[in-house]
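Q: Before I ask anything, here is the structure I am working with.
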Amino acid sequence: MSGHSTYEPKTSFERWLDVRLPILRMAHDTAIDFPTPKNLNYWWTFGGILAVCLVIQIVTGLVLAMHYVANAGLAFNSVEHIMRDVNHGWMIRYIHANGASMFFLAVYVHIARGLYYGSYKAPREILWLLGCVIYLLMMATAFMGYVLPWGQMSYYGAVVITNLFSAFDRLIPGVGTAITTWLWGGFAVDNATLNRFFSLHYLLPFMIAGVVGLHIWALHVPGNNNPTGVDVKSKEDTVPFHPYYTVKDAFAILVFLLLFSWFVFFAPEALGHADNQVPANPLVTPIHIVPEWYFLPFYAILRAVPDKLIGVLLMFSAIAMLFLLPWLDTSKVRSMRYRPMARWFFLIFIAATLGLGWCGGKLPDDVVIAVGQDAVSGEPTGFTVVMLSRVLATYYFAYFLLVLPLLGLFEKTLAVPDTISTPVLPKGGASMPTGATASPEKKG
Amino acid sequence: MAETAHETHGEEPHRRDFIHIAAMATGAVGVAATVWPFIDQMNPSGDTLALASIEQDISKVTPGQQLVVLWRGKPVFVRHRTPAEIAAAVKDDHADMRDPATDASRTKPGKQEWLILIGVCTHLGCVPSFGTGDYGGWFCPCHGSVYDTAGRIRKGPAPKNLELPDYEFTGPTKVKIG
Ligand code: HEM
Ligand code: FES
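Just so you know, the protein sequences line up as chains F and Z, in that order. Quick note: the first sequence uses our numbering, first residue 2, plus one each step. Quick note: the second sequence uses our numbering, first residue 66, plus one each step.
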């Protein structure tokens with residue numbers, strides 16, 4: 002889209018179409034001849050993987066909607082009907098359910114890639130923000146989808162998440178309650194809630210598809226970032242998208258689908274919760290309610306604080322950090338490959354986030370490091386999950402609010418190469434197999 | 066010359082400006098009036114609002130037992146308290162609490178043994194279970210809020226005591242909730 006188009010209509014039909022709706026030109030310029038940095042590694046294949054995930058969710062979801070009944074009295078049984086009676090229903094449902102997990106797995110890798118290689122920095126801020134919007138929409142979609150089978154986890158997931166808004170009663174009395182009543186369409190999560198969640202769960206993926214369109218548009222203006230973080234300087238630095246990255250992406254997609262299939266066919270319930278096999282019961286909450294794994298870090302942050310309003314606000318700010326990131330990181334160097342300090346802080350950040358996820362799955366008072374024993378019950382006492390969550394959550398926020406703003410001012414970065422090609426073009430190139438990375442046909 | 070004339074002209078309120086503002090204001094009111102029904106449709110419908118009250122026979126609930134009834138989609142705990150539970154609650158009347166309340170203010174006069182509460186944790190809405198918390202009352206499994214035998218919040222993230230529904234005794238063993 003930026004720069005000139007290299008599309009040349011070949012047949013008379015293509016020429017006829019090209020002056021009426023240049024759709025083939027657009028396809029050619031975005032997916033075939035798009036000049037792409039020649040050094041993209043496998044972390045860059047997750048964009049394509051995400052696109053596949055979205056298509057899989059939409060296709061399987063459409064099929065499920067043909068058999069599902071969005072009614073509090075019938076929903077649970079209609080899902081059982083899909084699992085037992087509908088032809089191949091079990092497989093399609095398992096693909097959809099595990100597909101959501103795979104989608105989040107991929108988006109987390111994709112986001113981490115952006116964090117490490119500084120893909121959020123100028124001129125890709127809008128691209129990054131659109132990605133964050135996609136992520137928010139994904140969370141909303143997955144949350145509402147999980148409510149649809151109307152099991153115990155579905156029900157109490159809906160109860161807890163919608164009740165987050167009741168925290169605003171502390172700011173303006175009554176407002177929080179008004180919001181929850183409005184969200185529920187009643188005085189509790191009930192049939193009205195289920196129906197609207199189904200309607201929205203159907204709608205949002207198509208909105209995601211729309212934002213993905215904008216995301217890719219915004220990608221194609223500055224073009225891809227790359228592992229060096231250095232801008233493309235000349236044609237030497239790029240290869241055409243097809244066949245180089247179509248093939249690389251396709252390979253990565255196949256490997257990813259292997260993992261996906263392993264879950265679907267060998268461990269379809271591994272990421273689910275047994276309690277969701279029990280129909281929703283508004284009178285009894287299961288002993289241990291936890292959200293899906295991909296929400297656990299945020300859940301841990303929510304529970305880390307004893308105050309309801311502050312807990313809720315912190316949880317929302319944890320996500321808001323991503324939106325602010327382009328303006329928080331002050332370093333001029335994009336890729337952390339050349340930021341020796343930032344690299345360590347980044348690794349600790351990933352570890353802290355995984356640690357928060359672990360905490361989110363435990364009970365708040367579980368003991369992580371036993372120090373003593375309770376005199377009465379004999380239970381171990383010591384450093385608990387809540388305390389660990391506090392430490393990790395503090396690091397999570399410090400990474401965005403202290404480390405990245407300050408580090409950019411003080412850090413001594415390594416020498417950044419002039420061009421993408423500099424680090425790989427042979428100076429003492431004897432040890433490098435010829436043409437492994439650089440494009441041999443262009444060498445003089 | 067013509068330019069200056071034009072400028073002064075532009076600064077004064079103009080008939081056309083008035084028409085613009087009036088048209089925009091009317092348009093804004095129209096948009097708001099159109100959007101509102103689409104927002105308000107999500108609020109509780111007439112039949113949901115109509116489910117106002119239920120009558121419950123509580124003669125079979127012996128001391129130490131608790132009945133859970135569904136009212137407006139929410140559980141209501143009807144707890145027949147033992148003297149020990151009442152004593153424990155009264156003893157703590159002036160303890161340091163997040164949402165201070167005396168035990169007497171949580172029951173109807175002369176009916177101290179009946180504690181009737183909305184069984185919804187004031188943190189994020191889970192249903193607390195009786196008998197597992199530190200204060201002899203309820204414990205919420207979701208994020209560990211602990212309520213005492215008067216349903217007052219004592220520990221954990223919940224900000225408020227368990228709510229009391231509107232209810233009245235319509236007979237010695239009959240209660241109308243709502
Ligand atoms: C449904 C979800 C998403 C889809 C389908 C998607 C798709 C893509 C695709 C196809 C690319 C092309 C480059 C590549 O292969 O990496 C890309 C790039 C990018 N995405 Fe996403 N994306 C999604 C979500 C996100 C999210 C949640 C974020 C960040 C919060 C994000 C941030 C970025 C950035 C910064 C780039 C440019 C990276 C670069 O070239 O270095 N994306 N995305
Ligand atoms: S909902 Fe009861 S403690 Fe959170």
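By construction, the Cβ of each residue, glycine as well, lies at the ideal position given by its N, Cα and C atoms. As the structure is a prediction and not an experimental result, all values here were calculated from the model.
Would you list the residues whose beta-carbon is nearer than 5 Å to any heavy atom of the ligand FES, in the order they occur in the chain?
A: Checking every Cβ against the heavy atoms of the ligand FES under 5 Å gives Cys186(Z), His188(Z), Leu189(Z), Cys191(Z), Cys205(Z), Cys207(Z), His208(Z) and Ser210(Z).
Q: How long is the line joining the alpha carbons of Leu323(F) and Tyr400(F), rounded to whole angstroms?
A: The straight-line gap from Cα to Cα measures roughly 11 Å.
Q: Between Tyr117(F), Val148(F) and Tyr396(F), which has its C-alpha nearest Val160(F)'s C-alpha?
A: Among Tyr117(F), Val148(F) and Tyr396(F), the Cα nearest to that of Val160(F) is on Val148(F).
Q: Taking a Cβ distance cut-off of 7 Å, strictly less, list which residues of the region 220-246 of chain F are near chain Z, in chain order.
A: The residues in question: there are none.
Q: Distance check for Ser336(F) and Leu348(F), CA to CA, integer angstroms please.
A: If you take the alpha carbons of Leu348(F) and Ser336(F), they lie about 14 Å apart.
Q: In angstroms with no decimal places, state the Cα-to-Cα distance between Lys443(F) and Lys236(F).
A: Per-residue confidence for Lys443(F) stands at a pLDDT of 42, beneath the threshold of 50, marking its modelled position as unreliable; no derived number is given.
Q: Look at the Cβ atom of Ala141(F), then the Cβ atom of Leu205(F), and state whether they are nearer than 8 Å.
A: In this structure, Leu205(F) lies closer than 8 Å to Ala141(F) by Cβ.
Q: Please identify the residue among Ile104(Z), Ile86(Z), Met162(Z) and Gly196(Z) whose C-alpha is closest to the C-alpha of Arg144(Z).
A: Comparing Cα positions, the closest option is Gly196(Z).
Q: Please list, in chain order, all residues of the same chain as Glu233(Z) whose beta carbon is under 6 Å from its beta carbon, the five residues on each side excluded.
A: Only Lys241 meet the Cβ criterion.
Q: So, Lys39(F) versus Asp238(F), is the Cβ gap smaller than 8 Å?
A: Closer than 8 Å, so yes.
Q: Within this structure, are the beta carbons of Ala154(Z) and Asp168(Z) separated by less than 8 Å?
A: Going by C-beta atoms, Ala154(Z) is nearer than 8 Å to Asp168(Z).
Q: According to DSSP, is Glu237(F) helix, strand or coil?
A: Helix, per DSSP.
Q: If I measure Cβ to Cβ from Phe1(F) and keep anything under 6 Å in the same chain, skipping five residues before and after, which residues do I get?
A: In this structure chain F extends from 2 to 445, so residue 1(F) is not present and cannot be described.
Q: Indicate whether at least one CB of chain Z lies closer than 8 Å to the CB of Pro365(F).
A: Closer than 8 Å to some Cβ of chain Z, the Cβ of Pro365(F) qualifies, so yes.
Q: Whole angstroms are fine: how far does the CA of Asp213(Z) sit from the CA of Pro224(Z)?
A: Using only the alpha carbons, I get a separation of about 14 Å.
Q: Taking Trp183(F) as the query, report the chain Z residues whose CB atoms sit under 9 Å from its CB, ordered along the chain.
A: Ordered by position in chain Z, the residues that pass the 9 Å Cβ test against Trp183(F) are Ile104, Asp105, Met107, Asn108 and Pro109.
Q: How long is the line joining the alpha carbons of Val404(F) and Trp345(F), rounded to whole angstroms?
A: Cα-Cα distance, rounded: 11 Å.
Q: Can you tell me whether Ala73(F) is buried or exposed? The criterion is at least 16 other CB atoms within 10 Å of its CB, across all chains shown.
A: Classification for Ala73(F): buried.
Q: Return the bridge partner residues of Thr385(F) from the DSSP annotation.
A: BP columns for Thr385(F) point to Val368(F).
Q: Does Phe317(F) come out as helix, strand or coil in the three-state DSSP assignment?
A: Phe317(F) falls in the helix class under three-state DSSP.
Q: Quick one, which of Leu25(F), Trp151(F) and Phe207(F) has its alpha-carbon nearest Ala76(F)'s?
A: It is Trp151(F).
Q: In chain order, what residues of the same chain lie with their CB nearer than 6 Å to the CB of Phe261(F), ignoring the 5 residues before and after it?
A: Around Phe261(F): Met103.
Q: Could you give the distance in angstroms between the alpha-carbon of Lys333(F) and the alpha-carbon of Glu126(F)?
A: Cα to Cα, Lys333(F) sits roughly 14 Å from Glu126(F).
Q: CB-CB under 6 Å to His85(Z), same chain, minus the five flanking residues each way: which ones, in chain order?
A: Within the same chain, His85(Z) has no close Cβ partners at all.
Q: When you compare the CB positions of Leu132(Z) and Ile123(Z), do they come within less than 8 Å of one another, or not?
A: In this structure, Ile123(Z) lies closer than 8 Å to Leu132(Z) by Cβ.
Q: Enumerate in chain order the residues of its own chain whose CB-to-CB distance from Leu18(F) is below 6 Å, with the five nearest sequence positions on each side excluded.
A: Excluding positions up to five away in sequence, the list is empty.
Q: Comparing alpha-carbon positions, which option in Asn164(F), Thr420(F) and Val190(F) lies nearest Thr178(F)?
A: Among Asn164(F), Thr420(F) and Val190(F), the Cα nearest to that of Thr178(F) belongs to Asn164(F).
Q: Taking the beta carbon of Tyr43(F) as the centre, do at least 16 other beta carbons fall within 10 Å, making it buried, or is it exposed?
A: Result: exposed.
Q: Assign Met139(F) to one of two classes, buried (16 or more other C-beta atoms within 10 Å of its C-beta) or exposed (fewer than that).
A: Buried is the call here.
Q: Any beta carbon of chain Z sitting closer than 8 Å to that of Phe169(F)?
A: With 8 Å as the cut-off, Phe169(F) does not count as an interface residue toward chain Z.
Q: Give a yes or no on whether the minimum CB-CB distance between Pro307(F) and chain Z is below 8 Å.
A: By this cut-off, Pro307(F) is an interface position.
Q: Where Ile244(Z) and Leu131(F) are concerned, what is the direct C-alpha to C-alpha distance, given to the nearest angstrom?
A: What is shown of chain Z runs 66 to 243, which leaves residue 244(Z) out entirely.
Q: Output yes if chain F places a C-beta closer than 8 Å to the C-beta of Pro148(Z); else output no.
A: Chain F, which has no Cβ nearer than 8 Å to the Cβ of Pro148(Z), makes this no.
Q: What are the residues of the region 206-219 of chain Z that lie near chain F, defined by any Cβ-Cβ distance shorter than 9 Å?
A: Flagged, chain order: Pro206, Cys207, His208 and Gly209.
Q: Going by CA-CA distance only, name the one from Ala28(F), Ala251(F) and Ala281(F) that's closest to Asp191(F).
A: When only C-alpha atoms are compared, the closest one is Ala281(F).
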